[in-house]
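Residue numbers (the numbering used here): 3 to 462.
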């Protein structure tokens, strides 16, 4: 929500003394926002206040030393926050901690003989945000119904759940954060009285933060970071972009892992349940090779790199050949259509049955207006199994299927598969385009490309 980052708005941020929390606070200050900064580290919290106050002394910059896992401590500062900040526009529950298990058992068994290690981790990483919500949500809901946002910091480890030294308590705490953030988002948007409050799960990549040993508020204090890690300021920038797009899940890449690899790893992890594979099969000896091969195959190849574009409406990635992209103009996310019935960027222009049908066609891309539907079959598609159930091309409408590059897709098969979907007066054209430059004419208004997240519908 771009409306959040505006002059004279107020933001409260936990874990604000350094790292990602401070970086978010700095972005808020550059937008002219008042700040409430919370952290357990008093010395660095004061340093953060001094640096941020210097950017604009006319704005409020209040600090509160707190262990976010201490519920009573939240009660103690609640009145102070309410008296100073009568309204909160942005709450960022970012504070987190990674502990090491201490027990008499060795290796992988160590965490399972140290319940205190689990308790400390959950006190900070799970009950910290819950304590914050208990204290702050009444303040946010009682104020004016203007756009507001809550951001909770999760982790990719809460989704992919890497074993071993990756810290099982931390992983479990971040998995809990994902679940509670999803429930909070659903509950707030389902109630008309709180539908103006958006909720976002921030999922950083490898970031050089206090959890990794750097101290101090700024990037300059962590210039010796490992090359693969992002600076906290990069994560803060990604958060702003994600919120402006209305993304529920703001997944950040880093200098080693791009979005495509993240998505493939997350998909494999969730499919363990669906496919009834061994738990954490990606690290299981008998599955490692298959997992790596599957992940690499799901990722776009280097030759497809120029075909990856983000969705204007929802941030999804989809594969679109250059020529088709130029022809189709803009594009929207079919996943958004399926979930919400409309795309926020084009809600006034998506009508009729064509978009609903195309929204279920996997990696097929389509351009359409009132009486013309064109389906582009990208180069990486190796199997075409027909159009979705219930798909119909009505009287007077035209379906054009265009394939790009060398395909295992037989054009005669396409004709046979889609022939039954055509009304008697409808028309069908199928052609192969080995030269992508053959299509370069910009589309007329109303043409969009659609893609579904259900890639398995098309992939061999």
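All residues carry an ideal CB built from backbone N, CA and C; glycine is no exception.
For this session: Pull up the distance between the alpha-carbon of residue 1 and that of residue 196, whole angstroms please.
Result: No answer is possible for residue 1: the residues shown for the chain start at 3 and end at 462.
Exercise. Within 10 angstroms of its Cβ, does residue 131 collect 16 or more other Cβ (buried), or is it exposed?
Worked result: Taking the first residue of the chain shown as 1, we reach residue 131 at position 129. Buried, since its Cβ has 16 or more Cβ neighbours within 10 Å.
Problem set entry | Cβ shell of residue 160 (< 7 Å), same chain only, five flanking positions each side left out | Along the chain shown, read from residue 1 onward, the residue named residue 160 stands at position 158. Result list for residue 160: 173, 176, 177, 179 and 180, in chain order.
Exercise. Taking DSSP as the reference, what is the three-state secondary structure of residue 76?
Worked result: Along the chain shown, read from residue 1 onward, the residue named residue 76 stands at position 74. Residue state, collapsed to three classes: helix.
Problem set entry | Distance, residue 237 Cα to residue 210 Cα | Sequence index remark: in the chain shown, residue 210 carries index 208 (1-based). Sequence index remark: in the chain shown, residue 237 carries index 235 (1-based). Cα to Cα, the separation comes out at about 10 Å.
For this session: Just the C-alpha distance for residue 287 and residue 68, rounded to the nearest angstrom, thanks.
Result: Taking the first residue of the chain shown as 1, we reach residue 287 at position 285. Taking the first residue of the chain shown as 1, we reach residue 68 at position 66. Spanning the two alpha carbons is a distance of roughly 44 Å.
For this session: Compute the Euclidean distance between the alpha carbons of residue 242 and residue 34, then round it to the nearest angstrom.
Result: Reading the chain shown from its first residue, position 240 is the one you call residue 242. Reading the chain shown from its first residue, position 32 is the one you call residue 34. Cα to Cα, the separation comes out at about 15 Å.
Problem set entry | Those residues which DSSP pairs with residue 148 across a bridge | Counting from 1 along the chain shown, the entry for residue 148 is found at position 146. Bridge partners of residue 148: none, in fact.
Problem set entry | Spatially closest choice to residue 203 from 189, 163, 156 and 284, by CA coordinates | The residue given as residue 203 occupies position 201 in the chain shown. If we check each option's Cα against that of residue 203, 156 comes out closest.
Exercise. For residue 285 versus residue 165, is the C-beta spacing smaller than 8 Å?
Worked result: Against the chain shown, residue 285 aligns to sequence position 283. Against the chain shown, residue 165 aligns to sequence position 163. Yes.
Exercise. I think residue 151 touches residue 199, with their Cβ atoms under 8 Å apart; what is that distance to the nearest whole Å?
Worked result: By one-based count along the chain shown, residue 151 stands at place 149. By one-based count along the chain shown, residue 199 stands at place 197. About 7 Å; that satisfies the 8 Å criterion.
Exercise. Nearest-angstrom Cα distance between residue 123 and residue 49?
Worked result: Indexing the chain shown from 1 puts residue 123 at position 121. Indexing the chain shown from 1 puts residue 49 at position 47. Going from the Cα of residue 123 to the Cα of residue 49 covers about 26 Å.
Problem set entry | Delimiting residues of the alpha helix (DSSP H) encompassing residue 125 | In the chain shown, residue 125 corresponds to position 123, counting from 1. It spans 117-127 - the alpha helix (DSSP H) in which residue 125 sits, taken as one unbroken run.
Problem set entry | Nearest residue (CA-CA) to residue 2, options 107, 43, 76 and 143 | In the structure displayed, the chain extends from 3 to 462; residue 2 sits before or after that span and is not available.
Problem set entry | Assumed close pair residue 31, residue 14 - CB separation to whole angstroms, cut-off 8 Å | On the chain shown, residue 31 is found 29 positions in, with the first residue counted as 1. On the chain shown, residue 14 is found 12 positions in, with the first residue counted as 1. Residue 31 to residue 14, Cβ: 13 Å. No contact.
Exercise. Anyone know if the C-beta pair for residue 94 and residue 23 falls short of 8 Å?
Worked result: Position 92 of the chain shown holds residue 94. Position 21 of the chain shown holds residue 23. For residue 94 and residue 23, yes; Cβs fall inside 8 Å.
Exercise. For chain D, is any of its Cβ atoms less than 8 Å away from the one on residue 276?
Worked result: Absent here is chain D; the protein component of the structure consists of one chain.
Exercise. Is it true that the CB of residue 16 sits closer than 8 Å to the CB of residue 96?
Worked result: If you number the chain shown from 1, residue 96 lands on position 94. If you number the chain shown from 1, residue 16 lands on position 14. Yes, the Cβ-Cβ distance between residue 96 and residue 16 is below 8 Å.
Problem set entry | Whole-angstrom C-beta distance between residue 271 and residue 162, which should lie under 8 Å | Walking along the chain shown from the start, residue 162 turns up at place 160. Walking along the chain shown from the start, residue 271 turns up at place 269. Between residue 271 and residue 162 the Cβ distance is about 5 Å, and since that is below 8 Å, they are a contact.
For this session: Please check the pair residue 1 and residue 171, which I expect to be a contact at CB under 8 Å, by giving their CB distance rounded to whole angstroms.
Result: Here the chain has residues from 3 to 462 only, and residue 1 is not among them.
Problem set entry | DSSP bridge partner residues for residue 64 (one or two, in chain order) | By one-based count along the chain shown, residue 64 stands at place 62. In the DSSP output, where bridge partners are listed per residue, residue 64 has 38.
Exercise. Considering only the beta carbon of each residue, do residue 253 and residue 260 sit closer than 8 Å?
Worked result: Looking up residue 253 in the chain shown gives position 251. Looking up residue 260 in the chain shown gives position 258. No, they are not a contact pair.
For this session: Look at the alpha carbon of residue 235 and the alpha carbon of residue 247, and state the distance between them as a whole number of angstroms.
Result: Within the chain shown, residue 235 is the residue found at index 233, counting from 1. Within the chain shown, residue 247 is the residue found at index 245, counting from 1. Spanning the two alpha carbons is a distance of roughly 19 Å.
For this session: Quick one: grab the DSSP three-state call for residue 331.
Result: Here residue 331 refers to the residue found at position 329 when the chain shown is read from its first residue. Because residue 331 carries a pLDDT of 29, less than 50, the predicted location of this residue cannot be relied on, and no value is offered for it.
For this session: Take residue 289 and list the residues in its own chain whose beta-carbon comes closer than 7 Å to its own, dropping the five residues that flank it on each side.
Result: Stepping through the chain shown from its first residue, residue 289 is reached at position 287. Cβ within range, chain order: 279, 280 and 283.
Exercise. Per DSSP, residue 200 is paired with what?
Worked result: As a first step, residue 200 is located in the chain shown; it is residue number 198 there, counting from the start. Partner(s): 151.
For this session: Sort out for me which residues DSSP pairs residue 15 with in a bridge.
Result: Numbered from its first residue, the chain shown carries residue 15 at position 13. 39 and 94, per the DSSP bridge assignment.
Problem set entry | residue 253 - partner residues in DSSP beta bridges | Within the chain shown, numbered from 1, the residue matching residue 253 stands at position 251. The partner list for residue 253 (beta bridge, DSSP) reads 205.
Problem set entry | Beta-carbon spacing of residue 76, residue 21 below 8 Å | The count along the chain shown starts at 1 and reaches residue 76 at position 74. The count along the chain shown starts at 1 and reaches residue 21 at position 19. No. Outside cutoff.
Problem set entry | Reduced DSSP category for residue 232 - H, G, I as helix; E, B as strand; rest coil | By 1-based counting over the chain shown, the position of residue 232 is 230. Three-state result, residue 232: strand.
Problem set entry | Nearest-angstrom Cα separation, counted from residue 190 out to residue 267 | Residue mapping note: residue 267 aligns to position 265 of the chain shown, counting from 1. Residue mapping note: residue 190 aligns to position 188 of the chain shown, counting from 1. Near 30 Å, if we compare the C-alpha coordinates of residue 190 and residue 267.
For this session: Just the C-alpha distance for residue 187 and residue 239, rounded to the nearest angstrom, thanks.
Result: Counted from its first residue, the chain shown places residue 187 at position 185. Counted from its first residue, the chain shown places residue 239 at position 237. Rounded to whole angstroms, residue 187 to residue 239 spans 22 Å at the Cα level.
Exercise. Buried or exposed: residue 98, going by 16 or more other Cβ atoms within 10 Å of its Cβ?
Worked result: Translated into positions along the chain shown, residue 98 becomes position 96. Buried.
Problem set entry | Sub-8 Å separation of residue 47 and residue 64 beta-carbons | As a working note, residue 47 is residue 45 in the chain shown. As a working note, residue 64 is residue 62 in the chain shown. Going by C-beta atoms, residue 47 is not nearer than 8 Å to residue 64.
Exercise. Is the beta carbon of residue 115 less than 8 Å from the beta carbon of residue 109?
Worked result: Counted from its first residue, the chain shown places residue 115 at position 113. Counted from its first residue, the chain shown places residue 109 at position 107. No; because the gap between Cβ atoms is not below 8 Å, this pair is not in contact.
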